[in-house]
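Visitor: Under my numbering, the first residue of the sequence shown carries the number 9, and numbering increases by one thereafter.
Glycine residues also receive a C-beta, built at the ideal position from the N, C-alpha and C atoms.
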Amino acid sequence: MSLRILVLGGDGYLGWPTAMAFSRAGHRVAVVDNFAKRQWELELGVQPLIPIRTLHERLRAWREVSEREIEIHVGDLTDYAFVEAVIDGFQPDAVVHYGEQPSAPFSMISAHHAALTQANNVIGNLNVLFAIRDKAPEAHLVKLGTMGEYGTPDIDIEEGYLTVQHNGREHTFLYPKTPGSIYHLSKVHDSANIHFACRIWGLRATDLHQGVVYGVETDESALDPRLATSFHYDEVFGTALNRFCVQATVGHPLTVYGKGGQTRGYLNIRDTIQCVALAVANPARHGELLVYNQFTEQFSVQELAGKVQAAGRHLGWTVNIEHVTNPRVELEQHYYNPRHEKLLSLGLRPRLLSDELIDTMLAKIGENRDRVDPTAFVQNVRWAPATARDAGVEARPGR
Ligand code: USQ
């Protein structure tokens with residue numbers, strides 16, 4: 009069945025390949041973006057590894073390659089009139105919402121960047137909720153949240169909810185959140201607002217608590233160089249494995265923060281596309297908020313660096329691992345046991361991180377090695393002044 013799918017943040021690392029995948033699968037797709045991310049890249053002086061065409065050029069290339077059309081709406085999600093007009097006009101069956109400031113370090117640069125992140129993300133998401141309520145109440149919201157909303161609690165992490173027994177009674181709550189950055193907090197606020205919209209207005213939504221994504225290309229982006237997606241390796245927008253692969257390629261030591269025991273859930277960019285497609289194909293009912301933990305396997309940072317080091321050595325490269333001072337405030341050794349069964353039960357077939365997969369990434373990155381700017385690896389964003397970091401605030405529970 010062909011659906012009408014609106015992809016918010018359709019110019020981004022994940023939004024653009026998602027739009028192409030839905031279009032290729034025969035759905036009618038429209039993308040929304042205001043190119044804010046491109047502006048933030050200019051502000052910080054960083055660029056994606058592979059040259060990225062303008063969105064209009066990519067849409068023309070997509071039309072040529074696939075003989076399919078993707079609609080475009082340029083505007084800001086924090087502008088309610090714009091959001092309402094797009095949702096009213098397109099009447100989506102599903103709204104896939106990636107349209108947020110996506111970087112934890114970016115949100116920690118200054119008060120301005122923190123406020124920008126929370127205002128952009130929280131207000132944009134609120135506008136989407138109101139516009140769905142008033143103009144397309146049948147639409148299913150598929151929202152990209154993050155595993156980082158949970159933080160690293162000392163108990164198992166459930167998928168979205170936790171049932172609490174208290175004084176002989178029992179209630180199921182959204183799982184308690186202890187996020188580690190202002191960015192991750194913005195997603196916690198989003199989750200609470202989405203939960204509210206489902207409980208009070210009867211909206212239908214799926215909140216995907218996604219882990220750290222890696223990978224350079226998808227089936228669709230690989231069809232033509234003009235369709236490449238925005239792959240970052242800088243400290244602010246690059247994620248761990250992507251950064252390590254680029255660092256290995258240019259002979260820069262792998263920047264493991266602190267002890268490297270920080271463990272997170274990871275998934276391949278192709279699995280992001282698969283998970284979002286599964287969420288769209290299995291919509292929530294009215295009044296229901298489905299929450300899935302969207303990752304396929306977990307690694308410590310040190311384990312990841314070790315895998316990249318081994319792959320590099322296999323190619324005859326010298327790859328050193330450097331334990332640099334952790335710019336973040338986070339536990340470097342901790343319990344981590346998040347469940348992630350729901351997407352598997354919907355049919356997710358994970359593409360796990362194999363040596364071949366790292367080799368493929370290294371080869372693709374190698375084609376663009378001349379474009380790597382090593383000064384982008386370290387941008388000195390600090391989570392807290394040294395005095396506050398030394399106080400060990402992350403580990404201390406309240407009284
Ligand atoms: N890390 C290093 N060295 C580096 C970069 C990162 O040791 O050079 C460590 C970090 O300290 C952290 C872990 O690797 O412990 C992951 O960091 P990351 O930068 O790959 O990911 P993170 O900041 O958590 O954010 C990314 C995406 C974000 C998404 C999130 C999913 O940028 O949009 O929400 O992954 S999750 O981590 O599950 O919250």
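1. With respect to 7 Å, is the separation between the Cβ of residue 341 and the closest non-hydrogen atom of the ligand USQ below this value?
2. To the nearest angstrom, how far is it from the Cα of residue 276 to the Cα of residue 217?
3. Taking contact to mean 3 or more Cβ pairs, one atom from each stretch, closer than 8 Å, check whether the segment 331 to 347 and the segment 254 to 266 are in contact.
4. Got a sec? Which residues, its chain only, sit under 6 Å from residue 27 by beta carbon, not counting five neighbours each side?
5. Could you name the residues that DSSP lists as bridge partners for residue 181?
6. Starting from the Cα of residue 311, find the closest Cα among 255, 248 and 351 and give me that residue.
7. If you draw a straight line from the alpha carbon of residue 377 to that of residue 127, how long is it in whole angstroms?
8. Output yes or no for whether 8 Å exceeds the beta carbon distance between residue 3 and residue 124.
9. Within the same chain, show all residues whose beta-carbon is closer than 7 Å to that of residue 379, passing over the 5 residues directly before and after it, in chain order.
10. Taking the alpha carbon of residue 270 as the reference point, which residue from 342, 226 and 225 has its own alpha carbon closest?
11. Whose CA, out of 257, 245, 241 and 260, lies closest to the CA of residue 251?
12. With DSSP as the reference, please indicate the residues paired to residue 275 in a beta bridge.
13. Given 8 Å as the limit, is there contact between the segment 64 to 72 and the segment 111 to 124, that is, 3 or more CB pairs closer than that?
14. Any chance the CB of residue 369 is under 7 Å from a heavy atom of the ligand USQ?
15. Can we count residue 397 as close to the ligand USQ, meaning its CB is less than 7 Å from some heavy atom?
16. CB residue 166 to CB residue 172, shorter than 8 Å?
17. Tell whether a beta-carbon distance below 8 Å holds between residue 337 and residue 394.
18. So does residue 55 have its beta carbon nearer than 7 Å to some heavy atom of the ligand USQ?
19. For residue 199, which of helix, strand or coil comes out of DSSP?
20. Check this for me: beta carbons of residue 281 and residue 25, under 8 Å apart or not?
21. Does the distance between the C-beta of residue 248 and the nearest non-hydrogen atom of the ligand USQ fall short of 7 Å?
22. Take the Cβ of residue 85 as the centre, count every other Cβ of all protein chains shown within 10 Å, and call the residue buried at 16 or more, exposed below.
23. Using 8 Å as the Cβ pair cut-off and three pairs as the minimum, do the segment 350 to 362 and the segment 292 to 312 touch?
24. Does at least one heavy atom of the ligand USQ sit under 7 Å from the Cβ of residue 199?
25. Just the Cα atoms here: how many angstroms apart are residue 325 and residue 256?
26. Answer yes or no: the CB of residue 270 versus the heavy atoms of the ligand USQ, is any distance below 7 Å?
27. Would you say residue 226 and residue 102 are within 8 Å of each other, going by their C-beta atoms?
28. Any idea if residue 223 is buried or exposed, counting beta-carbon neighbours within 10 angstroms, 16 or more meaning buried?
29. Can you give me the C-alpha to C-alpha distance between residue 372 and residue 239, rounded to a whole angstrom?
30. Using a 10 Å radius around the Cβ and a threshold of 16 neighbouring Cβ atoms, would you call residue 347 buried or exposed?
31. Less than 7 Å between the CB of residue 112 and some heavy atom of the ligand USQ, yes or no?
32. Does the distance from the CB of residue 274 to the CB of residue 219 come in under 8 Å?
33. What does the Cβ neighbour count give for residue 191, buried or exposed, with the cut at 16 atoms within 10 Å?
34. Return helix, strand or coil for residue 237, following the three-state DSSP convention.
Guide: Reading from the atomic positions:
1. no
2. Between residue 276 and residue 217, the C-alpha separation is close to 15 Å.
3. yes
4. Here the set comprises 15, 18, 37, 39 and 78.
5. 170
6. 248
7. 36 Å
8. Any answer about residue 3 is impossible in this case: the structure gives the chain only from 9 up to 407.
9. 57
10. 342
11. Closest by alpha carbon: 241.
12. Beta-bridge annotation (DSSP): residue 275 is paired with 221.
13. no
14. no
15. no
16. no
17. Against a cut-off of 8 Å, the Cβ pair of residue 394 and residue 337 comes out as no contact.
18. no
19. helix
20. yes
21. yes
22. The residue in question, residue 85, is buried, as its Cβ has 16 or more Cβ neighbours within 10 Å.
23. yes
24. no
25. When rounded, the distance between both Cα atoms is 8 Å.
26. Checking the Cβ of residue 270 against the ligand USQ gives yes.
27. no
28. buried
29. 11 Å
30. exposed
31. yes
32. yes
33. buried
34. Collapsing the DSSP output to three states places residue 237 in coil.
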